[in-house]
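In the working numbering, the protein residues as written are 9 to 568. First comes the structure, then the notes that go with it.
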Amino acid sequence: MTSTFVKDVGGDDGEGSAGNGLLCFTNCLLAMENGSLVEKDLWIDTSKGIIVDSQKTFFQLRERPSRIIDLGGAILSPGFLDIQINGAYGFDFSIYTGNDEEYVSGLTRIANRIVETGVTSLVPTIITQEQSLYPKLLSLLRPRKTKGGANLLGWHAEGPFLQLAKRGAHEPTLIRSAPKEIESFAETYGPELSATPPVVNGKEDVYVKIITAAPEIPGILSSIPALTRPLLSSSSSTSSASSTSSSEKKEYGVTFSIGHSIASSDIAAEAVKSGARLITHLFNAMPQLHHRDPSIIGLLGVSPAFNSSPSALTKIKTSTSGSMTPRGTGLKEGKKSGIEVVKKKLSIASGTPGVVSEAISELPTPPGSPLLNPRTTAPSRAASISNIDLVEGPVFGDAKSGSWGGEEEGWRPYYGLIVDGIHSHPNSVRLAYMAHKDGCVLITDAMAFMDPHLPDGVYPWRDGKNLVRRGYKLFIEGSDTLAGSAVSMDSCIQNFARFTGCGLGEAIKCATYNPARCLRIENKKGTLRPGADADLTVIDPVGGDVLSVWVDGREVWSRE
């Protein structure tokens, strides 16, 4: 469904704009961390680029937003995260011609254009390379912000420590083992492996480092604990310098992902116990499910009670969210009491006129709570959510002692899914999701040919090979070997909702909160919590189309 926006007459939302920099999104459905859609306003500070607590701002600081944007019943979601993407819009992260400026220009082009798909943060992925190239590529892929585009969070090295039998499109002559264990990783990836996060405004920023490797390869399994040991903060590293040097241990802060592997069930489980946190593109480049040895896929079915004592318990709570009908604000465009009101006109189901925005209402209802106005039936199933039982996570005897990753959710890893209808059958997608909902992470695995405006055809690739694009499908010319995907994240979300039958809010969670939690950055990304980055995607609640995108509190893309 197409939506039309009236031009925002408020000017620049950042520093130097009129008013106090506070902006309120109203008449919208917030995509929450549990997959629900809640009718509620959201306040952001455009000068700082963060989400703010409306109640604290209103009651303690005595501040009201100087601007209001009426979203007309649309979904307001955290910006999408793509943690496995090989390229897009004609640029391949794995191709380096020797020109740093050209490479950075390609990064910027992707960051500026990918926001049209709702993605506000991505982790560029490089496939197996010549060993000499890794230090240069990883240094160029350090976190960076682009003006008017998505944030680049770090890097994902898919290879070279892969199983030759499951190499896929990776060059077989470059695949290697790790005979010197952790030192093999350090020699391959160079100084960026142990690099610390950048410091922004006196605080450490996000630096994502993901490595996909096969745990059955010699030297890999024993390296996982060292790779995944969290990086110490600057103060912690200073205070513990002597103990660190004496033990000769380094902190790398890597998210280890099992992939391109033929690991048995025992080895896969041992990898998770050692610190592996993710499975790379589930179902692809791994053994298929077998009832006697379910291998990597079987990790989704691991019981928290298995090898644990006492028996597992779960904490159950019931969602209390009611029906969520888009509502009108009762305000006209223009100004009211010195507050600018911008009406975003959407051609979606219109709400009923009713109570005004929480930002200026004189009702006693706290500004951070949904207003208790009459509601009717939501206009679509995708825009509504029923009361469901939410399993928060396992609680069992040794959860806090380090067993199975040392966290309550650590007994089962997260898993990436390419939901293009090609890499995995819709039934397989639904099967995985029903087995482990909180672990589902949508990825595109997109190649340079991911461009919604690019026609099908044959295109030159690397090493003298050609790739054939047919819709979302990319394969090496002359073979049936899949070589990544051409699907976009917004399409993955729409496909996922159709394949699984889940609500749109639950599908959004798999592209926002789940990947952020997997990477341990859920306080800044993938959430609408106060203090998180104001990276936001506005979505049509009926068709799931992206309507507008905000990064660091500024609108960077809008569907005209």
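The beta-carbon is built from N, C-alpha and C at its ideal position, and this holds for glycine as well. Note that this is a predicted model, so its numbers are computed, not measured.
Test item: CB-CB of residue i and residue j under 8 Å
i: Leu-170; j: Thr-136; result: yes
i: Lys-473; j: Ala-293; result: no
i: Lys-144; j: Tyr-104; result: yes
i: Leu-297; j: Val-280; result: no
i: Gly-534; j: Pro-86; result: yes
i: Pro-538; j: Val-60; result: yes
i: Val-112; j: Pro-151; result: no
i: Cys-36; j: Leu-89; result: no
i: Val-123; j: Trp-469; result: no
i: Tyr-142; j: Gly-198; result: yes
C-alpha distance - residue i paired with residue j, whole-angstrom precision
i: Phe-483; j: Cys-32; result: 46 Å
i: Glu-278; j: Val-216; result: 23 Å
i: Arg-562; j: Ser-230; result: 45 Å
i: Val-131; j: Ser-62; result: 31 Å
i: Leu-286; j: Lys-445; result: 14 Å
i: Arg-184; j: Ala-284; result: 20 Å
i: Arg-438; j: Pro-460; result: 26 Å
i: Gly-513; j: Ala-39; result: 6 Å
i: Arg-237; j: Glu-259; result: 5 Å
i: Leu-450; j: Gly-106; result: 33 Å
i: Gly-429; j: Asn-503; result: 8 Å
i: Leu-160; j: Asn-435; result: 33 Å
i: Ile-547; j: Leu-79; result: 10 Å
i: Gly-27; j: Glu-71; result: 11 Å
i: Gly-580; j: Thr-520; result: Since the first residue of the chain shown is 9 and the last is 568, residue 580 is not available in this structure.
i: Asp-541; j: Gln-139; result: 36 Å
i: Ala-443; j: Ile-516; result: 18 Å
i: Ala-165; j: Lys-64; result: 42 Å
i: Ser-432; j: Ala-203; result: 36 Å
i: Leu-536; j: Glu-41; result: 8 Å
Member of the options whose CA lies at the smallest distance from the CA of residue i
i: Thr-34; options: Leu-50, Leu-45, Glu-485 and Ser-147; result: Leu-50
i: Arg-75; options: Ser-85, Leu-69 and Gly-29; result: Gly-29
i: His-299; options: Ser-282, Ser-272 and Pro-312; result: Ser-272
i: Arg-121; options: Ala-158, Ile-58, Pro-238 and Lys-517; result: Ala-158
i: Val-550; options: Gly-81, Ser-556, Pro-233 and Lys-56; result: Gly-81
i: Lys-155; options: Gly-57, Ile-219 and Glu-189; result: Gly-57
i: Gly-479; options: Ser-496, Trp-469, Asp-471 and Arg-470; result: Ser-496
i: Ala-234; options: Pro-199, Ser-269, Asn-209 and Glu-191; result: Glu-191
i: Ile-266; options: Gly-309, Leu-239, Ile-218 and Ala-540; result: Ile-218
i: Pro-223; options: Gly-176, Ser-147, Ile-91 and Ser-269; result: Ser-269
i: Asp-301; options: Ser-147, Ser-282 and Asp-274; result: Asp-274
i: Thr-452; options: Ile-232, Glu-110, Val-427 and Thr-128; result: Val-427
Same chain only: Cβ atoms within 6 Å of residue i, ignoring 5 sequence neighbours per side
i: Gly-486; result: none
i: Ile-228; result: Phe-169, Ala-186 and Ala-221
i: Pro-226; result: Ser-185
i: Asp-498; result: Thr-125, Gly-126 and Val-554
i: Ala-454; result: Ile-93, Ala-96 and Ser-493
i: Glu-212; result: Pro-205
i: Pro-295; result: Ile-270 and Ser-303
i: Ala-505; result: Leu-512 and Ala-515
i: Cys-518; result: Cys-448 and Leu-450
7 Å Cβ shell around residue i - same chain, five flanking residues per side excluded
i: Phe-457; result: Tyr-467, Leu-475, Arg-477, Leu-482 and Ala-494
i: Pro-180; result: Leu-172
i: Leu-1; result: Residue 1 is absent from the model: the chain starts at 9 and stops at 568.
i: Ser-147; result: Glu-200
Residues of its chain near residue i, where Cβ-Cβ distance is below 8 Å and the 5 sequence neighbours each way are ignored
i: Phe-99; result: Gly-114, Leu-115, Arg-117, Ile-118 and Ala-456
Test: residue i CB closer than 8 Å to a CB of chain B
i: Tyr-260; result: Chain labels in this structure do not include chain B; a single protein chain is all it has.
Residue i burial status per 10 Å Cβ neighbour count (16 or more: buried)
i: Phe-507; result: buried
i: Thr-489; result: exposed
i: Val-207; result: exposed
i: Leu-45; result: buried
i: Gly-167; result: buried
i: Val-554; result: buried
i: Phe-67; result: exposed
i: Asp-53; result: buried
i: Asp-108; result: exposed
i: Asn-522; result: buried
i: Gly-43; result: buried
i: Gly-410; result: No answer about Gly-410 holds up, because its pLDDT of 32 lies below 50 and its placement is not dependable.
i: Ser-250; result: Because the pLDDT of Ser-250 is 42, which lies under 50, any placement of that residue in the model is unreliable, and the number read from its coordinates should be weighed accordingly. Answer is exposed; the Cβ neighbour count stays below 16.
i: Ser-102; result: buried
i: Gly-465; result: exposed
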